[in-house]
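Numbering that gives the first Met the number 0 puts the sequence shown at residues 0 to 335. Beta carbons: idealized from backbone N, C-alpha and C, even for Gly. Note sheet for the following structure.
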Amino acid sequence: MIHQSIPEKPLMCLGIESTAHTVGVALASSKGEILTNVNAVYTAPMGQGIHPREAAQHHCEVIPIVLRRVIDNLDGLDAVDCIAFSTGPGLGPVLRTGATFARALALWLEKPLVPVHHAIGHIEIASLMTGAEDPLVLLVSGGHTSIAAFGDGFWRVYGETEDITLGNLLDVFAREAGLSFPGGAVIEDLAKKGQNYIELPYVVKGNDVSYSGLLTAALKRLKEGHGIEDVCFSLQEVAFSMLTEATERALAHTERKEVLVTGGVAANERLQSMIDSISRDHGVEAYVVPKEYSGDSGAQIAWTGILAFQSGVQVDVEKSFVKPKWRLDQVRIPWR
Ligand code: AMP
Ligand code: MG
């Protein structure tokens with residue numbers, strides 16, 4: 000008698016990201032593959048911040064095009080086992096655009112709908128890409144500045160911003176200084192040419208950071224006539240040192256053996272070198288999410304959708320409300 004084992008078909012998840020500037024659709028498999036990842040970014044008119052309704056309008060216009068590009072690589076959407084969407088946190092109108100699209104697809108295709116927390120998406124895509132298993136996470140992006148470690152079913156927050164996020168600090172500074180959006184990479188380039196450190200406020204309270212005073216002071220230094228390169232250099236040194244100090248304390252406290260940096264600001268080489276330095280001091284492994292997956296993307300939602308769906312997480316369409324203020328430490332994680 001011939002025994003033939005039939006290989007199990009991997010699960011496929013279509014993930015939809017829509018929390019802020021980026022709208023994305025991606026396809027992930029339970030083998031840990033990101034098969035397609037198509038993203039489009041809304042940019043506000045020069046000198047202006049994100050306008051939630053205009054961003055939602057942009058996402059509404061481009062999402063069918065983005066989905067079409069994902070489907071072009073497939074034989075059809077029948078191969079998809081579930082639809083995941085970023086449920087929060089984020090801007091209400093933008094979240095609702097992505098959620099409405101996800102609900103319509105789930106109903107039309109008769110597939111389960113899986114709610115995904117956007118920040119957990121940043122952590123899980125970084126874990127997948129780096130192989131980090133139980134890290135202390137430094138999540139730095141437009142929407143988040145958090146230091147977290149996993150314990151007893153939840154991500155526990157060991158430090159966070161008391162006001163604006165690190166990405167927001169960089170983007171608003173860039174905007175007010177007449178630099179282009181997004182500001183992080185532009186500031187990084189200018190900072191490399193900075194020679195002189197200019198005194199700026201360094202504010203760490205307990206294990207939290209506060210960036211709004213730093214933003215005001217850095218803009219004031221520019222008005223006082225200091226060169227943009229020196230101000231960018233000093234801004235990075237102070238903002239990143241504050242977080243590195245808090246991360247080091249959390250590392251000592253949690254005794255994790257890995258540090259994982261994720262989110263859009265993780266692409267910054269100066270921040271990476273600071274985290275690398277404390278990691279070496281503590282004899283722990285430092286991981287950084289690959290640049291391709293550092294900023295918001297459909298991939299982080301599709302992959303986290305796989306993990307959640309495999310653990311039985313799904314939501315009825317009628318109850319699939321978005322959660323603009325959903326905190327990272329409020330989400331029970333059954334798969335870790
Ligand atoms: P996300 O919210 O995860 O999409 O990340 C977007 C944020 O990452 C924005 O605030 C960008 O300014 C920031 N960012 C992107 N590249 C860099 C970089 N090289 N250095 C610092 N920040 C960056
Ligand atoms: Mg993000």
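Report all residues from its chain with a CB closer than 6 Å to the CB of Phe149; omit the five preceding and five following residues, and keep chain order. If we look at Phe149 and ignore the five residues flanking it on each side, its Cβ neighbours are Arg335.
Contact check, Lys208 vs Thr144 under 8 Å by CB: the rounded distance? The residue asked about is misnamed: residue 208 is Val in this sequence, not Lys. Between Thr144 and Val208 the Cβ distance is about 7 Å, and since that is below 8 Å, they are a contact.
For Phe153 and Gln329, the rounded distance between their alpha carbons: Gln329 and Phe153: Cα-Cα distance of roughly 7 Å.
Could you tell me which residues DSSP pairs with Tyr286 in its beta bridges? Leu259
Quick check on DSSP: helix, strand or coil for Pro181? coil
Looking at C-alpha atoms only, which residue of Gly166, Gly23, Asp280 and Thr86 is the closest neighbour of Phe320? Thr86
Out of curiosity, what's the CA-to-CA distance linking Glu123 and Glu109? 26 Å
Going along the chain, which residues of its own chain have a beta-carbon closer than 6 Å to the beta-carbon of Ser293, five neighbours each way excluded? Gly263, Ala265 and Ala266
Unbroken beta strand (DSSP E) runs of length 3 or more, entirely within the stretch 134-171: which are they? 135-139, 144-150 and 153-159
DSSP on Phe320, reduced to helix/strand/coil? Residue state, collapsed to three classes: coil.
Inter-residue spacing [alpha-carbon to alpha-carbon] between Ala103 and Asn167: 32 Å
Is any heavy atom of the ligand MG found at a distance shorter than 7 Å from the C-beta of His58? no
Kindly indicate the opening and closing residues of the beta strand (DSSP E) around His50. According to the DSSP assignment, His50 belongs to no beta strand (DSSP E), since it is labelled neither H nor E.
Cβ shell of Glu247 (< 6 Å), same chain only, five flanking positions each side left out: The answer, listed in chain order, is Ile277.
I'd like to know whether the C-beta atoms of Ala25 and Ser296 end up nearer to each other than 8 Å. yes
Gly142 CB to nearest heavy atom of the ligand MG below 7 Å: It does: the Cβ of Gly142 is within 7 Å (strictly closer) of some heavy atom of the ligand MG.
Per-residue DSSP class, three states only, for Thr35: strand
Quick check on Pro114: does DSSP put it in helix, strand or coil? strand
Gly182 CB to nearest heavy atom of the ligand MG below 7 Å: no
Trp302, buried or exposed, once every other Cβ within 10 Å from all chains shown has been counted against 16: When all chains shown are included, Trp302 counts as buried.
Put Ser28 into one of helix, strand or coil per three-state DSSP. strand
Please go through the same chain and pick out, in chain order, the residues whose beta-carbon is closer than 6 Å to the beta-carbon of Ala307, but skip the five residues on each side of it. Residues of the same chain with a CB within less than 6 Å of the CB of Ala307, apart from the 5 flanking positions on each side, are Val113 in chain order.
Taking the beta carbon of Asp170 as the centre, do at least 16 other beta carbons fall within 10 Å, making it buried, or is it exposed? buried
Determine the contact status of Gly46 and Ala298, defining contact as a CB-CB distance below 8 Å. Judged by beta-carbon spacing, Ala298 lies beyond the 8 Å limit of Gly46, meaning their Cβ atoms are not closer than that value.
Taking the alpha carbon of Ile70 as the point to measure from, which residue in Gln309, Met11 and Asp133 has its own alpha carbon closest? Met11
Taking the alpha carbon of Asp315 as the point to measure from, which residue in Leu242, Gly224 and Ala98 has its own alpha carbon closest? Ala98
Any heavy atom of the ligand AMP closer than 7 Å to the CB of Asn267? In this structure, the ligand AMP has a non-hydrogen atom nearer than 7 Å to the beta-carbon of Asn267.
Classify Gly304 as helix, strand or coil using the three-state DSSP reduction. Helix.
Could you name the residues that DSSP lists as bridge partners for Phe232? Looking at the DSSP assignment, Phe232 forms no beta bridge with any residue, so it has no partner.
Is Thr253 near the ligand AMP, judged by its Cβ being under 7 Å from some heavy atom? no
Exposure of Lys191, with buried meaning 16 or more beta-carbon neighbours within 10 Å: exposed
Restricting to Cα atoms, I'd like to know which of Lys204, Glu60 and Gly31 is closest to Tyr41. Glu60
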